[in-house]
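In the working numbering, the protein residues as written are 1138 to 1289. The next block holds one structure in the form of structure tokens; read it before the comments.
Below is the structure:
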């Protein structure tokens, strides 16, 4: 019995046991209708967290998915989705709006409690990665993540 549990825990560690971030049934990724630079077009699609978490903390990172549904500069439409953490049923998703300036996307929204949130997205080391910084408090990054583009 003990050996079995060790194998399960090792598999969870290696494969990741964080619950996937849920997405709505009506995800609608729109191809750009105007000619846009390649780095802008590359943002369109589904991105999943592969690395990162709470700044200065020891909390296990939640699953994170960002879907860039549409870019019509300077406007961006996206889905921000997060998974459950350690058995808590607190995963969910929301549609958010943002802007793109150069290579930077800034998504902003307000929580149900009226608190402002910001997610800043910049290119990663290659076109299959992006970097995202999440701010719970304006000007103070609380999470940094690297996300990989999901092949569709």
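Just so you know, even glycine gets a beta-carbon here, dropped at the ideal spot from N, CA and C. Because the structure is a prediction, the values reported are computed rather than measured.
Inter-residue spacing [alpha-carbon to alpha-carbon] between residue i and residue j
i: residue 1288; j: residue 1281; result: 22 Å
i: residue 1202; j: residue 1217; result: 6 Å
i: residue 1161; j: residue 1175; result: 27 Å
i: residue 1164; j: residue 1220; result: 17 Å
i: residue 1169; j: residue 1212; result: 12 Å
Chain-order list of residues whose beta-carbon lies under 6 Å from that of residue i (same chain, five-residue window excluded)
i: residue 1210; result: 1237
i: residue 1188; result: 1283
i: residue 1270; result: 1257, 1278 and 1281
Buried versus exposed call for residue i [16 or more other C-beta atoms within 10 Å across all chains shown]
i: residue 1144; result: With a pLDDT of 32 at residue 1144, under the threshold of 50, the predicted position of this residue should be treated as unreliable, and no value is reported.
i: residue 1199; result: buried
i: residue 1274; result: exposed
i: residue 1229; result: exposed
i: residue 1256; result: buried
i: residue 1158; result: buried
i: residue 1181; result: buried
i: residue 1239; result: exposed
i: residue 1242; result: buried
Cβ-Cβ distance between residue i and residue j below 8 Å
i: residue 1277; j: residue 1185; result: no
i: residue 1173; j: residue 1208; result: yes
i: residue 1259; j: residue 1244; result: no
i: residue 1261; j: residue 1268; result: yes
Where the alpha helix (DSSP H) through residue i begins and ends
i: residue 1175; result: 1175-1180
Close beta carbons around residue i, own chain, < 7 Å, minus the five adjacent residues each side
i: residue 1264; result: 1179
Span of the beta strand (DSSP E) around residue i
i: residue 1200; result: Careful: residue 1200 lies outside any beta strand (DSSP E) and carries neither H nor E.
i: residue 1234; result: 1229-1238
i: residue 1253; result: 1253-1260
i: residue 1286; result: 1277-1286
i: residue 1215; result: 1212-1219
i: residue 1274; result: 1266-1274
i: residue 1263; result: Where residue 1263 is concerned, there is no enclosing beta strand (DSSP E), given that its DSSP letter is neither H nor E.
Contacts around residue i, its chain only, beta-carbon distance under 8 Å, and the 5 residues preceding and following it disregarded
i: residue 1272; result: 1254, 1255, 1256, 1257, 1278 and 1279
Check: residue i C-beta below 7 Å from any heavy atom of the ligand NAD
i: residue 1160; result: Absence of the ligand NAD from the depicted structure is noted, as is the absence of any ligand whatsoever, leaving it without description.
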